[in-house]
Amino acid sequence: MTAENALESTVSCPVCGARTFYVNQNGTMIFFSLDSTGRPAGVAPPDAAPALSADTLINCAHCSWSGTVAGLLAELRAKE
């Protein structure tokens, strides 16, 4: 899979369309994209491993949107 295809398979923010989200875990800001099943991809810093569950609160890295992983996936599926 190319980097371009990987980006196309990630979900986007329902407000601004950005594909980068973040969480603050143990004092570390972890940035990532999410695939359509809610798994993180493109994690930064590269050695970080975000602990995500359906109920994890995540934030858009480009606007004020925040919500859970499950809520984001449900909202995006409803728009399909």
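In this text, residue positions in the sequence shown follow the working numbering: the first is 29, and each later residue adds one. Ideal Cβ positions, reconstructed from N, Cα and C, are used throughout, including at glycine. Remember, it's a predicted structure, so these values are computed and weren't measured experimentally.
Non-local beta-carbon contacts of residue 87 in its own chain, meaning distances under 8 Å to residues more than five positions away in sequence, involve 49, 50, 51, 93 and 94 in chain order. With 16 or more neighbouring CB atoms inside 10 Å of its own CB, residue 68 falls in the buried class. Here residue 39 carries a coil assignment [DSSP, helix/strand/coil]. In terms of Cβ geometry, residue 43 and residue 100 do not form a close pair [threshold 8 Å]. In this model, residue 61 and residue 96 are separated by some 14 Å (Cα to Cα).
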